[in-house]
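There are 2 protein chains.
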Amino acid sequence: MNELKLTKEQSLEVKRQFELYSQGVQEIIPTEELEVKIAKSIVENRPLKIKLGLDPSAPDVHLGHTVVLNKMRQFQENGHIIQLIIGDFTGKIGDPTGKSIARKQLTDEEVKHNAKTYFEQFAKVIDMEKVELHYNSKWLSNLNFEDVIQLAGKITVARLLERDDFEERMAFNKPISLHEFFYPLMQGYDSVVLENDIELGGTDQHFNILMGRHFQEKFGKEKQVAILMPLLEGLDGVEKMSKSKKNYIGIDESPQEMYGKAMSIPDELMMKYFELVTDFTPNQISTMKAELQNGILHPRDAKMLLANTIVRMYHGNDAAENAESQFVSVFQKGAMPEDIPVVIWEGNQEVSIIDLLVELKLLNSKSEARRMIDNRGVKLDGNKVEDSTLSVTVKEGLIVQVGKRKFIKMKFFM
Amino acid sequence: MNELKLTKEQSLEVKRQFELYSQGVQEIIPTEELEVKIAKSIVENRPLKIKLGLDPSAPDVHLGHTVVLNKMRQFQENGHIIQLIIGDFTGKIGDPTGKSIARKQLTDEEVKHNAKTYFEQFAKVIDMEKVELHYNSKWLSNLNFEDVIQLAGKITVARLLERDDFEERMAFNKPISLHEFFYPLMQGYDSVVLENDIELGGTDQHFNILMGRHFQEKFGKEKQVAILMPLLEGLDGVEKMSKSKKNYIGIDESPQEMYGKAMSIPDELMMKYFELVTDFTPNQISTMKAELQNGILHPRDAKMLLANTIVRMYHGNDAAENAESQFVSVFQKGAMPEDIPVVIWEGNQEVSIIDLLVELKLLNSKSEARRMIDNRGVKLDGNKVEDSTLSVTVKEGLIVQVGKRKFIKMKFFM
Chain A
1 MNELKLTKEQ SLEVKRQFEL YSQGVQEIIP TEELEVKIAK SIVENRPLKI KLGLDPSAPD
61 VHLGHTVVLN KMRQFQENGH IIQLIIGDFT GKIGDPTGKS IARKQLTDEE VKHNAKTYFE
121 QFAKVIDMEK VELHYNSKWL SNLNFEDVIQ LAGKITVARL LERDDFEERM AFNKPISLHE
181 FFYPLMQGYD SVVLENDIEL GGTDQHFNIL MGRHFQEKFG KEKQVAILMP LLEGLDGVEK
241 MSKSKKNYIG IDESPQEMYG KAMSIPDELM MKYFELVTDF TPNQISTMKA ELQNGILHPR
301 DAKMLLANTI VRMYHGNDAA ENAESQFVSV FQKGAMPEDI PVVIWEGNQE VSIIDLLVEL
361 KLLNSKSEAR RMIDNRGVKL DGNKVEDSTL SVTVKEGLIV QVGKRKFIKM KFFM
Chain B
1 MNELKLTKEQ SLEVKRQFEL YSQGVQEIIP TEELEVKIAK SIVENRPLKI KLGLDPSAPD
61 VHLGHTVVLN KMRQFQENGH IIQLIIGDFT GKIGDPTGKS IARKQLTDEE VKHNAKTYFE
121 QFAKVIDMEK VELHYNSKWL SNLNFEDVIQ LAGKITVARL LERDDFEERM AFNKPISLHE
181 FFYPLMQGYD SVVLENDIEL GGTDQHFNIL MGRHFQEKFG KEKQVAILMP LLEGLDGVEK
241 MSKSKKNYIG IDESPQEMYG KAMSIPDELM MKYFELVTDF TPNQISTMKA ELQNGILHPR
301 DAKMLLANTI VRMYHGNDAA ENAESQFVSV FQKGAMPEDI PVVIWEGNQE VSIIDLLVEL
361 KLLNSKSEAR RMIDNRGVKL DGNKVEDSTL SVTVKEGLIV QVGKRKFIKM KFFM
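Protein chains in written order, with UniProt numbering: chain A, 1 to 414; chain B, 1 to 414.
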C-alpha cells in the first residue's frame, strides 16, 4: 500500500469498500491484494473488473445463487464492472465419455435460451444494463491443438490432482477422464482473456478460481483476487441449497410461497440468511444479533422480518406486506387465507373423499390421499377428516384444505 | 484362426511369416492377433500396414536404430507396406515449459532437412521407394480444442500415470507438466488416422504403442498389434546404444571405423548383434551358436564375421573384405596399415614430441599428449616413446602412431 499515495479521504474510501466487500465472505485470497486493487482503482479512477462464471445448463436461480449476486451488486453499486461469463464452450461439448447425463450437449439455441433465463432473473439483483456479457466459446473455440499444448505446458499434473474431488477419486481408484482436467484450465484461461481483477464464486469454486490466478501469472498478467462466498444451506438447514435437493427458495416463486418457505428456515440459520441474501448492512445485522441475544427481539419476529425482506427484494413492498398479513392470518391465527382458488365442480354431488382430493389435484394419487387423511392432514370447512372412506356431499362454497397451505373453494357448474 | 479358411499352403505361409517376424523380438502384444493379421492378409491378398514413428529432432542413425529397421525390412520383403511417420507436429511445438533443451522448437526447414537425413540413411536398409511417408502435423494441426477434449475424454488420468516414467516422477514428487500427457495421445491418434495393422518400436515404446491400440478401439477401428524390439546395448556392453553415450556404430561411418568398433563389442553380446542388426537367418544363427559352444568356431572368428557382415551391409562386399584384411594386418599381425595418411611438415626439423603430437592434431592438447605418452600409447616408427620431454628430429617418412588406430606418415615440404 505504501507505493500508492492516498489522501486521507481516499484511505477512508478504501477502508469503507474493503469492509463492505469483506462482509459475509468465507475467504479472500489474498486479502492484502484486494486492498491494493481497491486503492489503485480509486487513485487511478479505474473501475475493477469482477468476473462471475455461469454454467449454462441449469438456469433456475434460487437464493443460494444470490449470495454471490448480492456481492456482485455491492461492487456494481460502487462503480465497478461485472463481467458475466456464460461457459457455453463447455456446455456445447457435453460429456465426451457419454457417462454424465447432467452434462448433456446443449445446442446454440438452448445456450441462448438458458442465458436469457439467467439474465431475466439476475435483473432482480443487479443492473443488467451495466453488465459485460461474454460467451467463452468466443475464444476457446479458436484454440487449436498447439495452443492447448502450450496451455497445458503451464500446469503440472500434481497441481491438478490437488483438487479435492480429483484427489479423492484417485485415492479410491475411481476414474478421472483426462478431459476433466480441462474444465479448470478453461476457467483459468477465461481470466487470462478477460484480464479481470477479481473472481467471485462459492467456496466449492476455490480450486477453479485459483486456476485463474495461476494462468494469469503464467501469461504475464496481473493476478486476480479470489473472493469465495459461503455456501448457503437450504430450508432443511443441512444440505447446500439446490434445486435437486428441493430445499430451495426460487427467486421467481410467488410472494406467498417465498414467505412461507422463509418462515420454515431453522432459527440457527436465520442470521446467516440475513448476512448472505438480504440487503441488510453489517451494522443492522450486529444490532439485530444483540437484540436477539438479550431477548429484546423474539426469534419469530426476526424470522418474519427475514421473510418480509426476501419477498420485498423480489416482489416489492406491497407484496411483502400482503404475504405477511396472509401468513399471519392463516398460520398464526389458524384462519383461512382470503384469496382461496375456486374450482368449478362438474362431477357428481356425492363423491368419496379420496376421489375428491385426487380430482381436485390436491394430491397425486389415491394412496397419497389416503395417507394424508390418516395423518389428519385434510380438512373440510375447517373440520379434520378422520375417515378415509368418507362420502362427501359437495355443496356450493365448500372449502377443501390439504396440509397447511393448500386450499380450494368449490363452486358448482351452472 | 478357425473362421479363416486357409489352404495347407497358406497355413504354411502364415507360419513362415509369423516365425520370421517373431525372430529376435522382445514382445508381441498380442501374439495371436499377429497370426490372425498375417492370415487375413494372405487370404484377402491385402498387404499389412506397418507403422514406425520417428522423432524429427535427432536424425543420426546408428546400429541401435537398425534393430527396428531390419524388422521393417522383413515385412517389406514380404510385400507389406511400411508407414513412416515423422512426428513433426511435436517437433514444431518444442517444449512449452521451456525447460527441455532436447525438445527445442524446430522450423519447417529443420524438420524437412532432418527427415531427408533419415531417409538417406534408411535407404541403406529398406526400399524407400515403397515406403509411405506421413507427417503427423497434417492431421494434428487441424484438431481444435473441442477435438482435443473429445480425444482426452477417451482416456483416464490413472491409465496415463501407469507409464513408467510418469509413475516414477509422481512417486518422487517430480513435476509432470500436463502437456506431456499429450505425447502418448498423439502417437495413439496417429494410429487411428493411419489405420495401421502393426506398430513397431523399441521396448521403451511399450506404453506409447499400446496407446495406439487403446485409441483405435475407442474410435471403432481394428486394433494394431505391438511388436517391441529389444534395446541394443552399445559397444560398452552396458548402456543402450546412443549418440550421447558415444557407444555407437553409426551407419554412415567409414568401413575401417565400423569394422574396428564392431571388433570391440564384448563377446557375450556378439550373438545378440547377429540376431538384431545383421541379415542372418534364425537357422544360421542357431548353427553358429552350436559351433561356438562345441568349440568348432573360435569367438574371434565369429566376431570377425560379425564385423565383416556389418560393413558389408552398409558399404558392400569389397569394402568389407578390405576393412577386414587391413584390420588383420594392423592389429592381428602388429603391422602398420597400408594406406597411412601423409602429412606435409612445414615446421622445424627439431620439435618436442608433445608439440609434434598436438601440431599433427593426433591429440587435442599438450596435457592429453603427455598423458598418452605416460600411458605408453605413442610410437615413432613402431618404437614406444617413454619420455614426454623427448626432442624429435623429423625426417622424411617418419611414422607417428597414437593408440591402436591413428597413424601419420611425415613428409617434408619441398
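Note that beta-carbon positions come from the ideal geometry of N, C-alpha and C, so glycine has one too.
- Interface criterion met: the Cβ of A:Pro-175 is under 9 Å from a Cβ in chain B.
- If you ignore the 5 residues before and after A:Lys-261, its C-beta comes within less than 7 Å of the C-beta of Leu-235 and Ile-249, all in its own chain and listed in chain order.
- Inclusion of A:Leu-228 and A:Gly-212 in the CB contact set at 9 Å is not warranted, their separation being larger than that value.
- Residues of the stretch 117 to 151 of chain A that bring their beta carbon within less than 7 Å of a beta carbon in chain B comprise Leu-140, Ser-141, Leu-143, Asn-144, Phe-145, Glu-146, Val-148, Ile-149 and Gln-150, in sequence order.
- Under the three-state reduction of DSSP output, B:Glu-27 falls in the strand class.
- By the neighbour-count definition (other C-beta atoms within 10 Å, threshold 16), B:Ala-152 is a buried residue.
- The stretch 7 to 17 of chain B makes contact with the stretch 36 to 56 of chain B: 3 or more CB pairs, one atom from each, lie closer than 8 Å.
- A buried status is given to A:Asp-88, since no fewer than 16 other beta-carbon atoms sit within 10 Å of its beta-carbon.
- Among the CB atoms of chain A, none fall inside 9 Å of the CB of B:His-113.
- For A:Ala-290, the uninterrupted alpha helix (DSSP H) segment begins and ends at 282 to 293.
- Taking 9 Å as the cut-off, the Cβ atoms of A:Ile-353 and A:Val-385 count as close.
- Any Cβ of chain A closer than 9 Å to the Cβ of B:Val-157 would place that residue at the interface, and such an atom is present.
- Straight-line spacing of the CA atoms in B:Tyr-273 and B:Gln-284 works out to 13 Å.
- Taken atom to atom, the span from the alpha-carbon of A:Ile-29 to that of B:Gln-224 is near 50 Å.
- Residues of the same chain with a CB within less than 6 Å of the CB of A:Pro-299, apart from the 5 flanking positions on each side, are Asp-267 in chain order.
- The Cβ atoms of B:Gln-23 and B:Gln-74 sit closer than 9 Å to each other.
- DSSP places A:Leu-151 within a helical segment (H, G or I) once states are collapsed to three.
- Under DSSP, B:Gln-83 takes part in a beta bridge, and its partners are B:Lys-51 and B:Glu-132.
- Residue B:Val-342 holds the alpha-carbon nearest to the alpha-carbon of B:Phe-407 among B:Leu-210, B:Val-342, B:Glu-32 and B:Asp-252.
- As DSSP reads the structure, A:Val-351 sits in a beta bridge with A:Val-392.
- For B:Met-241, the secondary structure class from DSSP, reduced to helix, strand or coil, is coil.
- Under the Cβ distance rule, A:Lys-104 does not count among the residues neighbouring chain B, no pair being separated by less than 9 Å.
- By the Cβ neighbour-count rule, A:Pro-282 is exposed, with fewer than 16 other Cβ atoms within 10 Å of its own.
- Between A:Ile-86 and A:Val-277, the alpha-carbon positions lie close to 23 Å from each other.
- Taking 9 Å as the cut-off, the Cβ atoms of A:Ala-158 and B:Ile-155 do not count as close.
- Interface residue (Cβ-Cβ distance to chain A less than 9 Å): B:Ile-93 is classified as such.
- Against A:His-214, chain B offers no close residue; the least beta-carbon distance is about 12 Å (beta-carbon pairs closer than 8 Å).
- Put simply, the CB of A:Lys-404 is far from chain B, with every gap to its CB atoms at 9 Å or more.
- Closer than 8 Å at the C-beta level to chain A, one finds no residue of the stretch 359 to 371 of chain B.
- In this structure, DSSP gives B:Glu-199 an extended state, which the three-state scheme calls strand.
- Around the C-beta of A:Thr-90, 16 or more other C-beta atoms lie within 10 Å, and the residue is accordingly described as buried.
- If you look at B:Lys-361, you'll find it isn't in any beta strand (DSSP E); DSSP assigns it neither H nor E.
- For B:Phe-407, the enclosing beta strand (DSSP E) covers residues 406 to 412.
- For B:Ala-226, the secondary structure class from DSSP, reduced to helix, strand or coil, is strand.
- The DSSP-derived three-state label of B:Lys-379 is strand.
- Of all residues in the stretch 179 to 200 of chain B, only His-179, Glu-180, Phe-181, Phe-182, Leu-185 and Met-186 come within less than 9 Å of chain A when Cβ atoms are compared, listed by chain position.
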